[in-house]
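Below: one structure, written as C-alpha cells.
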Amino acid sequence: MARRQILVQLDSDDQPSVFDAVVAVDAEVDVLLRHGGVKPDRVRDLVYGAMFTRGPEDLHHTAIFVGGSDVAAGEELLRRVTQCFFGPMRVSVMIDANGANTTAAAAVLAAARHVPLNNATALVLAATGPVGQRAVRLLAGQGAKVRVASRTLARAEAACQAVLQRIPQAQLTPLAVVSDDEVRQAVDGTQVVIAAGAAGIQLLPERIRRSASDLKVAIDLNAVPPAGIEGIQATDRGQQREGAVCYGAIGVGGTKMKIHKAAVRQLFTANNLVLDAEEIFALGQAMT
Amino acid sequence: MARRQILVQLDSDDQPSVFDAVVAVDAEVDVLLRHGGVKPDRVRDLVYGAMFTRGPEDLHHTAIFVGGSDVAAGEELLRRVTQCFFGPMRVSVMIDANGANTTAAAAVLAAARHVPLNNATALVLAATGPVGQRAVRLLAGQGAKVRVASRTLARAEAACQAVLQRIPQAQLTPLAVVSDDEVRQAVDGTQVVIAAGAAGIQLLPERIRRSASDLKVAIDLNAVPPAGIEGIQATDRGQQREGAVCYGAIGVGGTKMKIHKAAVRQLFTANNLVLDAEEIFALGQAMT
Amino acid sequence: MARRQILVQLDSDDQPSVFDAVVAVDAEVDVLLRHGGVKPDRVRDLVYGAMFTRGPEDLHHTAIFVGGSDVAAGEELLRRVTQCFFGPMRVSVMIDANGANTTAAAAVLAAARHVPLNNATALVLAATGPVGQRAVRLLAGQGAKVRVASRTLARAEAACQAVLQRIPQAQLTPLAVVSDDEVRQAVDGTQVVIAAGAAGIQLLPERIRRSASDLKVAIDLNAVPPAGIEGIQATDRGQQREGAVCYGAIGVGGTKMKIHKAAVRQLFTANNLVLDAEEIFALGQAMT
C-alpha cells in the first residue's frame, strides 16, 4: 500500500508555527509530526526516528521541515539534521525559518521579472539580517553586482565574507549607510533595491528614491507601516511609481506562498534533497 | 482541490485536551493543530498563521478552538484571538474551556424541555463559577428570573454585575446561601434549580428539595459523589424524583457532546463566527 | 459513519518519539494525538479524554501507546493509565518504552527459530536493564532455564525476584559475571546467549564464544560498535559463525518492526487489551 507522506516539523519556537503547518497541509502532506521548542541536542533522536522506520525505497515519503522565528537557531537545527545522515540513509529536508528563504526568493524573482540580474547592480538595505543576507546570496548567485548595506561597515563586511564563503565569485561591495547622503550614494547607479529591514524603520526616503534615475525595481519586505522604502505600499505588486516597478511585502507574498508549497511538495520526490535559499530560489525560477 | 478543514486547538493546559481533540475528530475535522501551554503573548503568531495562509475565499476551512481546564485563561486567549482579526481577515473561533459552555448549554436546554423559561424563576447554586455564570447568562437570556446564589453576597453580586453588562434586561437576584434556612428560602418558589458546584460539595439537601413544592426541574452538574443536589444520580436523565424531573452530570452529557460536535462543525460554515455560551446554546436549541 | 482510529501517544520524553509515530502511521492509524513530557499526574485527564468521548461500542477505535526512552517512567505511565479504567470503560493500551518490548520479543523469537526454548538453557548478559529483564521474562515464560547475568550478584538476584513475581515457576539462576572465567562458566552449557548491554561495552569475547561447544544461537542487541558479543555484526541475521547462528541489532530489527506494527493494529480490535512484553511476544509468535 502507498505510504502516507509524513513531514516532521522541527521548530525552535515553543509553539511550532501554524503558518508552516497550514502550508504543509495545503501542499498535500498527509501527516504532520510537529515539534516545538526543539533544542539541537534533541535533533538526533527525532531524525533517527524518521530515518530508521521506513525501508530505503520508502524514505522519500518522509521529510523534515526546519522552521521557527529564529533563523540562526534554525540553521543550527538544519546542521544537526544533516549530520545524522549517512550513505543512502537520509531523508529530504528544507529550511524556511522565519520565512527567510521563501521571502528572499520571492523578492529576487520579482526583481528578475523586470531586470536581467546578471547585468544589474543591486542594493540590499539592511542586508545583514536573515532575509537580507539571503537576498544578497541569491542576487550574487545570479551574477548581479551587489551593494551590501548596513548601519556599520563592519557588519556589512562580515555579511559579505559570509556570502563569499558560499559564492567565491560574488561581486559584493560592503557599505555603511546611515545618512541621507550615504543612502543617495548607495542607490545611485543601481537598477534594483531590496529593503529587508525590521518593522517600522524607514531605510530609503521617497525624495531619494524619486531622484534615482537608474532604478527599475524597488522592493520593500516590511509589511508593517511605515514602509522601509517610503511610498511603497505593502500591497504593491508591480506598481509603477515614478519610473520604478514597486513591490511590497504582501505583493511578493503570493509568490512566496507558491514557492513554499512547491518546495514542500518537492521534498517528497527524493530522499536526498537539502532545500536552502538557493535550491528554493531555483524552484521558484522553474515555476515561472 | 477542496481544502482540508484545519482546527487549531489552543489550550492553556500543558497537555492539550484529548477530549476536545477526539470530539473534533468525530466532528469530521481533517487536521488538528494542537497547542498546549499556550500563553496569551503567543496567540498572535499562531492566529496570524491561521489567517494569512489561505485566501479570503478559503478562510472558512480554518478555525480555532480555545480550551483548557482554566476558564479565565481560556477567555483571555479568546480575547487575544479576536484582537488579531481585521476586516474580512478572520477565522471562526469557539471557546469551550473546561467544557463550561457546552455543559451550561446542555443543562439549560434540559430545563427548557420541561419548563417555559421565559415565565420561570430559576435558582443557580454555586453561580459564580464558570459553569454557573454561564447557566445564569443563558437562563436570563431566555427571560427567566434568576436567583444567583453564592456563599457570600459580594461574590453573588459581582456575578450579577458581570451578567448585566452582557444582558442589561436580565432579572437577577443575588443571594448569599450557606445555612439550610437560606437554601430553603432560595429554592422556595423556583421551578428550576441548577447546581454547578465543585466536586464533593452538597449544596441542596434532599429534605429541602422534597419540600420545594414549585420545583419542576432539578439539575446537578457534579459527576463525582456526593451529588450537589442530594438524591440525584449522575446518570439521571429526566428521572422523576418526588415531583421534579432530575438530571445528573452524565444525564446531560449526551446533549453536551452533541452540542460540542455541532459547534465544531458550524465553525467551518463561515469565517466570522465567535461561538461563546449564547451562540453554542442557540445551536443546541436549533438541534432539538 | 466509521470512526477514525485514534492513537494517543504518551511519551515521557520532552519531544515525543518520531519513531513510534511513523510506525503508527504505517500501521494505518488515522489520527495520532501526540503528547511529550507526560508526567504521571497528567495521565488521568488525558486518559479520561480517550475514555469519555466515544460510546462503549466505539471505544475500540481509540487506543493508547506509552513510549519514551525511560522504561521505568513508561511503566509508571502505564500503571496510571490502567488505574483510570473501570468496568467496560477502558481503551486498549500498549507499552514499548525505548522499544524494549518489541526488541526483547524479536530477540527471543529469533532464538526460538533455532532452538526449542522449553528444553534450552539460556544466558542473558546485562540482564538487569529493561531489554534484558524482558528477555529473561520471555525466555522463562517459554520454559527455558535462564541464567541471569549482571556485574553484581545483588542486581542479578533482584532481577530474578522481579521475574519470579510474574512467573513463579521460572527457572532462574542469578550470576555475577565480570571476569573472563565468570563469562566462560556462564556460557558453558547454554544453547542461547542474548546480550542486552549498553552501547560500546563488550560482554562476551570471541575466543570464549568460539569455545562454547553447546551454543546454538548468539544474539547481540547493541547496534553501535563494538558489539556486546565480539565477532557479531549488527546486520547478522541468522549468520553462521563457528557453529552458532548469529543475530545483530539490525538483524532482529525487521522482526521488531513487524511486531511493533502488528501490536498497534491489534490495539484496535478490542477495547480491553494491555499489551506488555508477554502479549507482544505472543503476537510475534502468531505472526511466524
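Protein chains in written order, with the working numbering: chain A, 104 to 391; chain B, 104 to 391; chain C, 104 to 391. Don't be surprised by glycine CBs; every beta carbon is placed ideally from N, CA and C.
Neighbour flag for residue i against chain B, beta carbons, 9 Å
i	result
residue 185 of chain C	no
residue 128 of chain A	yes
residue 118 of chain A	yes
residue 155 of chain C	yes
residue 378 of chain C	no
residue 360 of chain A	yes
residue 370 of chain A	no
Extent of the continuous alpha helix (DSSP H) run through residue i
i	result
residue 205 of chain B	203-215
residue 125 of chain B	121-129
residue 175 of chain B	174-186
residue 367 of chain A	356-370
residue 387 of chain B	380-390
residue 149 of chain C	146-154
Option nearest residue i by Cα separation, candidates the options
i	options	result
residue 329 of chain A	A/300, A/320 and A/317	A/300
residue 239 of chain C	C/157, C/263 and C/254	C/263
residue 381 of chain A	A/214, A/110, A/304 and A/204	A/204
residue 295 of chain B	B/305, B/384, B/152 and B/312	B/312
residue 153 of chain B	A/167, A/161, A/133 and A/124	A/124
residue 195 of chain B	B/368, B/119, B/217 and B/389	B/368
residue 167 of chain B	B/151, B/159 and B/160	B/151
residue 187 of chain C	C/148, C/126 and C/222	C/148
residue 260 of chain C	C/278, C/292, C/161 and C/156	C/278
residue 163 of chain C	C/388, C/387, C/372 and C/385	C/372
residue 350 of chain B	B/169, B/202, B/215 and B/105	B/215
residue 106 of chain A	A/130, A/120, A/134 and A/237	A/134
Sheet register partners of residue i (DSSP bridge)
i	result
residue 195 of chain B	B/166
residue 253 of chain B	B/279
residue 344 of chain B	B/347
residue 109 of chain C	C/134 and C/165
residue 248 of chain C	C/224 and C/274
residue 317 of chain C	Per DSSP, none; premise fails for residue 317 of chain C.
residue 377 of chain C	C/196
residue 114 of chain A	A/170
residue 323 of chain C	C/298
is_contact[residue i, chain A] using C-beta, thresh 9 Å
i	result
residue 122 of chain C	yes
residue 469 of chain B	Nothing about residue 469 of chain B can be reported from this structure: the residues present for chain B run from 104 to 391 only.
residue 145 of chain B	yes
residue 334 of chain B	no
residue 148 of chain B	yes
residue 306 of chain B	no
residue 232 of chain C	no
residue 138 of chain B	yes
residue 246 of chain C	no
Within-9 Å CB hit, residue i to chain C
i	result
residue 181 of chain A	no
residue 169 of chain A	no
residue 111 of chain B	no
residue 318 of chain A	no
residue 323 of chain A	no
residue 174 of chain A	no
residue 165 of chain A	yes
residue 107 of chain A	yes
residue 367 of chain A	no
residue 340 of chain B	no
residue 281 of chain B	no
residue 177 of chain A	no
Boundaries (first-last residue) of the beta strand (DSSP E) holding residue i
i	result
residue 298 of chain C	295-298
Residue i beta carbon near the ligand ZN (any heavy atom closer than 8 Å)
i	result
residue 277 of chain C	The ligand ZN is not part of this structure, which contains no ligands at all.
Between the stretch 230-248 of chain A and the stretch 268-284 of chain A, do three or more beta carbon pairs fall short of 8 Å?
yes
Any contact between the stretch 108-125 of chain A and the stretch 170-187 of chain A? By contact I mean 3 or more CB pairs, one from each, below 8 Å.
yes
Does the pairing of the stretch 339-349 of chain C with the stretch 129-148 of chain C give three or more beta-carbon distances under 8 Å?
no
If you pair each beta-carbon of the stretch 185-192 of chain B with each one of the stretch 213-233 of chain B, do three or more pairs fall below 8 Å?
no
Just checking, does the stretch 354-369 of chain B make contact with the stretch 204-211 of chain B on the three C-beta pairs under 8 Å criterion?
yes
Okay, do the stretch 317-328 of chain A and the stretch 251-259 of chain A touch, 3+ Cβ pairs below 8 Å being the bar?
no
Assess contact between the stretch 126-139 of chain C and the stretch 368-377 of chain B, defined as three or more Cβ pairs (one per stretch) separated by less than 8 Å. Is contact present?
no
Do three or more CB pairs link the stretch 321-328 of chain A to the stretch 159-174 of chain A at distances below 8 Å?
no
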